[in-house]
Structure formats: C-alpha cells, structure tokens
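These notes are about the structure you will find just below.
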Amino acid sequence: MDDVAAWFKWLHQVSGIKLTIFYDNYDRSRFLEGLGMTLKLSAYCLVLSVALGALTAWACGSRRRLLRSAANGFVQFFRNTPPLVQLYFCYFALGPLLPKVGGEPLLGSLGWAIVSLTLLEAAFTAEIFRAGIEAVPKAMVEAAQSLGYSRTQIFRVIVFPLALRVTMPAMTNNLVNLVKTTTLAYAIAVPELLYMSAQIWSEQVNVPEMMVVVLITYVCIVGAINQFMQWLEGRLRVPGFGQ
Amino acid sequence: MARTGVFLLMALVTSVAWTQVQAKVDNASVLELLIKWTPLLLQGFYFNLIISLLAMLLGTGAGLLLGFARISLLAPVRAGSWIVVQFFRNAPWLVLLFFVMFLLPFEFRFAGLTIPFPDWIKATFGLALPIMANMAEIVRGAVQSIPTAQWEAARSLAFSRRQILWRVILPQCMKRMLPPWMNWYAILTMATTLASVVGVSEVMTITGRITAAEARTDLLVPIYSYVLLWFFIYCYPIAWWTRRLELRYAER
C-alpha cells in the first residue's frame, strides 16, 4: 500500500498528474465513502424496486379495473417523465410537506433519493416482470393444471422460475441503469461517488484526473455487474428453454 | 394510458385548488403565479427541446459511423469501436456531462477565428455521446438481424460490399431501427434536464430560480407537477407511437 502511495506521489512530482486519492488519507476515505454510498443506494433501490415492481406487475394483471389502471398509470408516469424532475419533485416539493421528527426532517436527501429512484426503477421492473410472465408458454400452465397443481403452486413452481430466466437480460440492463441513475442523487447533495469526487476535485483542483477516475470506476462497477449477471444466467440456465 | 396525463392534470389542479383555498388575501394565488411564469418556463422548455434535437442529430450521425465500424471487416476497427461503445454506454450520463463541461474549452481558436463554445453547446455534445454509443448498437443489431441469405444473394448478383450495405441491407434495417431510435429520443429529451446540474439555463434551472424568487412553499408542488406534466405530454406520445410501430413491425 505504501509503495502504491509513494509511486503516485512520485507520479505527481514527475508528470503533474495529481491522484490524491491514492496517497492522501482524507481524500481516499472520502472517495471510498462515496463509492460505498453509491453501492448502498443501488442495493437499497434494487431490493425495494424489485418488490414494488413485482407488486405493480401483479396489479397490472389484476381483474379489478381501477387497480389495473392505477398501476398502469404509475408505470407510464414514471417512464415518461425526467428522473431528475421526479427527484426534485420528491425532495423539494414533497420534502417540506412531511412532518418533522425532533427538528429533523423525516426523510433526508438520502431517504428521498431512495424513494424517488425506487419508484422510477419499480416502473421499469414491473414492465420487465409482466413481459417475463407473458413469455411463459400457455401450454406449460395448462399441463401443470392437468397435473392438479393449484394456482399458487403453478406460479411458484412453473411460471416464476421460468419467467425469472426470461427476464435476466432485461434485469441486468435495468440494474446497470439503476447504478448509472444513482449519480442523479448528486443534485440533492447525497454524498455518493460523484458528489464526493466533485468535492475532491474542487479542493485539489485535479479535475481531469478525478473525472477519469470516476468514469473508470463506474465503467468497472457496470462491468462487474454484467459479468456477475452473465455468470448467474449461465448457472440458472434450464436445458431446452430459451437459447 | 392517456389516463396518466389526466391523473397528472388532476393532481396539478387539486394542488393548485388546495393552495388557492389556503392562500391569504394579500398574496397572489398560485394559479396566477403559474400563469405569470409560464412564458419563462416555456422558453426554458423550448431550450430543452432544442438541445435534445441537436444532440439527437449529432448522436445519430456519429452513431451510424460507429455502428459501421462495429460491423467492419477489419478486426482492429471492430475491437476499437467495441471499446468506445461499451465505454459510452456504461458511463453515467451525468458523469459524461461533467466530463465534457469541464474539459472542453469555452472557446475554440481555429485559423485566426474564435468560435465560442457556450455551456449549452457543450451540454449538447455531452448528451450526444451516450446516444452515439447506443445508436451504434442499434445499427449493429439491425444489420445482424437481416438473414445471411440476403448478403449471399446480393453477392451472387455481383454487388460490392458497400452496395450491399447501402442498397440491400440498410433499407431493410430502417424499420427495425426506427422504434429503438425513437425510444432513445424520448430518453434523451428527459435527460436534457441534467444540463441544469451543470449550469445550463434550461427549464429546471428556471424553475429553481422562480421558486427561489417567489419564496412560496405552497408553489413548490404545483410548479414541479406543471413541469412534469409538460414532459409527460411531450414524451408519452413518442412512447405510445414507438410501441405501436413495434407491434406493427412484429406482426409481419
């Protein structure tokens, strides 16, 4: 570790390339904190949006018209308005309406970022789930019915496992988009990767270097997600279904 | 689902009506304020649309070239363009925007001429980059979706590679490329609001200034829903049309 730090210090002296995050403890801890926050934000939103998305997909297929159109409206609204405006709407317009608990707002910037991104991603996830469930051949469901499976059993044992595999590529895409969208939280001062890096580059005046670092970091995160999901897709593959 | 628009409109109307009821006598009502600021907001919104159209034009042009590089017969060109595409597809839009904003000069000197580079032009470049990468993928996907037999048939008629591409393959690709291309235009239009984060005076910046100038907490929900509604009215028809085209092309 010390060698690395020494090398980057040397690099700065020789070439002027100033990568403080490798030898300045304070900058490094800020950068890592930002990275952790980005991952945390993504993880929260992923879990919540999958749950909410599944619920919405179920509501979209409901027999009740009101529920169905409400779910559809939710999906179309979040898909067709700018994510940044949604975030601002949540944070600046809805934020002040919430009651305060002990002088502190009920939801801080991180809380609102999670809420807003979760709603956005849930709208996309719902569409993916719906398409996945539709992709399961009707004949399979009928075959299961003729074998005496109940409705919940059919969903749990037949439809869901197959739909999950169909939706994998789209979910990978969605997850990548989610990580990319967390950068919007910068706009409401959530201390995530971009925000922390912006602080570092404005203090150290090493804008080009930090920009490159940030870009490479995001590309690496996304690459890791892609690799992992590809591995998972391979592991979950069912012979004779899909390609 | 045109109902969403109606829901949104209803939300706006109720929030305006609610604040109307609560407004004190000496204050201008929220509705009056919205009407008063509409011309300025519209100016900002036009600006968003101009940025989106320019960025789309730029991104599509560059993306077509990059897409041809992706299907080049030369392996190094293919590999190089793959890296470019992956990079710009996987980088967050906002980070790319920052990159372009900070690293492009504010003016450009060329042969004694000074070409100014205002912020919004730089933002347009920044937004065109991810469009370029995604456009390249659309081109590649569409070309690969055309059966190999078409290539072989054209080759047997003594067409050159360029002729095959321009006169046989690409005309068939147009249909497949149009729906995703429209989809990306809608995404781009919504992304133009990101330019406010880097200081371009588009609709979100103006909204922020108005709320700061009026300093009215009851204005916040109506004005933000108002802007959301505009974007919805602009983007939803594009999404609807895209889906219709997709369905129509899928049937054949």
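Top line first, the protein sequences correspond to chains W and G. Using our numbering, the first residue of the first sequence is number 1, and each one after it goes up by one. Using our numbering, the first residue of the second sequence is number 1001, and each one after it goes up by one. Every residue gets a Cβ at the ideal spot worked out from N, C-alpha and C, and that includes glycine.
C-beta neighbour in chain B for residue i, strict 8 Å
{"i": "W1184(G)", "result": "Among the chains of the structure shown, chain B does not appear; the protein chains present are W and G."}
Cα-Cα separation, residue i to residue j
{"i": "G16(W)", "j": "V205(W)", "result": "12 Å"}
{"i": "L110(W)", "j": "V190(W)", "result": "6 Å"}
{"i": "L1220(G)", "j": "Q86(W)", "result": "13 Å"}
{"i": "T182(W)", "j": "V115(W)", "result": "12 Å"}
{"i": "R1243(G)", "j": "Y1236(G)", "result": "11 Å"}
{"i": "A123(W)", "j": "T56(W)", "result": "8 Å"}
{"i": "L1074(G)", "j": "Q1144(G)", "result": "17 Å"}
{"i": "V1085(G)", "j": "A1136(G)", "result": "7 Å"}
{"i": "T1148(G)", "j": "S49(W)", "result": "41 Å"}
{"i": "L1223(G)", "j": "L1049(G)", "result": "With the sequence shown as reference, residue 1223(G) is identified as Ile, and Leu is not the correct amino acid for it. Rounded to the nearest angstrom, the two C-alpha atoms are 19 Å apart."}
{"i": "P1118(G)", "j": "V1100(G)", "result": "12 Å"}
{"i": "F89(W)", "j": "L1165(G)", "result": "47 Å"}
{"i": "I1210(G)", "j": "L41(W)", "result": "30 Å"}
{"i": "P1092(G)", "j": "A1153(G)", "result": "42 Å"}
{"i": "F8(W)", "j": "S29(W)", "result": "16 Å"}
{"i": "A6(W)", "j": "F22(W)", "result": "9 Å"}
{"i": "I258(W)", "j": "Y91(W)", "result": "An answer regarding residue 258(W) cannot be provided, because it is not within the stretch 1 to 243 covered by chain W."}
{"i": "L1041(G)", "j": "A93(W)", "result": "17 Å"}
{"i": "V238(W)", "j": "G223(W)", "result": "25 Å"}
{"i": "G108(W)", "j": "E192(W)", "result": "14 Å"}
{"i": "S1156(G)", "j": "T1114(G)", "result": "53 Å"}
From the options, residue whose alpha carbon lies closest to that of residue i
{"i": "M1056(G)", "options": "P1130(G), W1093(G), F1231(G)", "result": "P1130(G)"}
{"i": "I128(W)", "options": "I221(W), A51(W), W231(W)", "result": "A51(W)"}
{"i": "A1142(G)", "options": "M1101(G), V1200(G), P1180(G)", "result": "P1180(G)"}
{"i": "S1029(G)", "options": "V1085(G), G1208(G), V1013(G)", "result": "V1013(G)"}
{"i": "M37(W)", "options": "K100(W), L184(W), V75(W), E203(W)", "result": "L184(W)"}
{"i": "Y1185(G)", "options": "I1051(G), L1113(G), T1217(G)", "result": "I1051(G)"}
{"i": "G34(W)", "options": "L194(W), I216(W), W7(W)", "result": "L194(W)"}
{"i": "A1250(G)", "options": "L1178(G), T1192(G), R1216(G), I1210(G)", "result": "L1178(G)"}
{"i": "A59(W)", "options": "K100(W), A126(W), Q145(W), I200(W)", "result": "A126(W)"}
{"i": "I166(W)", "options": "T152(W), R130(W), A143(W), T20(W)", "result": "Looking at the sequence provided, one finds Val at residue 166(W) rather than Ile. Answer by Cα proximity: R130(W)."}
{"i": "F1047(G)", "options": "G1208(G), P1105(G), W1120(G)", "result": "W1120(G)"}
{"i": "E1246(G)", "options": "K1175(G), L1194(G), S1196(G), S1201(G)", "result": "K1175(G)"}
{"i": "L84(W)", "options": "R65(W), W112(W), Q230(W), G103(W)", "result": "W112(W)"}
{"i": "A54(W)", "options": "E142(W), L147(W), E121(W)", "result": "E121(W)"}
{"i": "L1036(G)", "options": "R1161(G), A1213(G), F1106(G)", "result": "The amino acid at residue 1036(G) is misidentified as Leu; the sequence shows Lys. Of the candidates R1161(G), A1213(G), F1106(G), the one whose C-alpha sits nearest the C-alpha of K1036(G) is A1213(G)."}
{"i": "G1061(G)", "options": "F1125(G), I1115(G), L1040(G)", "result": "F1125(G)"}
Contact set for residue i: own chain, Cβ-Cβ below 7 Å, skip 5 residues either direction
{"i": "I221(W)", "result": "V179"}
{"i": "W10(W)", "result": "none"}
{"i": "F228(W)", "result": "none"}
{"i": "F1045(G)", "result": "V1203, W1230"}
{"i": "G1059(G)", "result": "A1128, I1131, M1132, M1135"}
{"i": "L1194(G)", "result": "W1093, L1094, L1097"}
Neighbour-count burial assignment, residue i, 16 or more Cβ in a 10 Å radius
{"i": "M1010(G)", "result": "exposed"}
{"i": "V176(W)", "result": "buried"}
{"i": "L236(W)", "result": "exposed"}
{"i": "Q13(W)", "result": "exposed"}
{"i": "Q76(W)", "result": "buried"}
{"i": "I1206(G)", "result": "buried"}
{"i": "A139(W)", "result": "exposed"}
{"i": "G1112(G)", "result": "exposed"}
{"i": "F1098(G)", "result": "buried"}
{"i": "R64(W)", "result": "exposed"}
{"i": "E1107(G)", "result": "exposed"}
Test item: CB-CB of residue i and residue j under 8 Å
{"i": "N1090(G)", "j": "Y218(W)", "result": "yes"}
{"i": "L1033(G)", "j": "Y1226(G)", "result": "no"}
{"i": "L1188(G)", "j": "L1127(G)", "result": "yes"}
{"i": "I1071(G)", "j": "R1140(G)", "result": "yes"}
{"i": "V136(W)", "j": "A163(W)", "result": "yes"}
{"i": "Y186(W)", "j": "L1094(G)", "result": "yes"}
{"i": "E106(W)", "j": "P96(W)", "result": "Note that residue 106(W) is Leu in the sequence shown, not Glu. It is not a contact, given that the beta carbons lie outside the stated cut-off."}
{"i": "F31(W)", "j": "S202(W)", "result": "no"}
{"i": "L19(W)", "j": "V213(W)", "result": "yes"}
{"i": "V101(W)", "j": "I133(W)", "result": "no"}
{"i": "A1191(G)", "j": "N80(W)", "result": "no"}
{"i": "V1198(G)", "j": "A1079(G)", "result": "no"}
{"i": "P161(W)", "j": "L1103(G)", "result": "no"}
Close Cβ partners of residue i (< 8 Å) along its chain, the five nearest in sequence each way excluded
{"i": "L232(W)", "result": "M168"}
{"i": "I225(W)", "result": "T172, L175, V176, V179"}
{"i": "Q153(W)", "result": "A144"}
{"i": "Y44(W)", "result": "I114, T118"}
Neighbourhood of residue i by C-beta, 6 Å cutoff - its chain only, sequence neighbours within 5 removed
{"i": "G73(W)", "result": "none"}
{"i": "I1146(G)", "result": "I1169, Q1172"}
{"i": "G1067(G)", "result": "A1136, V1139, R1140"}
{"i": "P1116(G)", "result": "E1107"}
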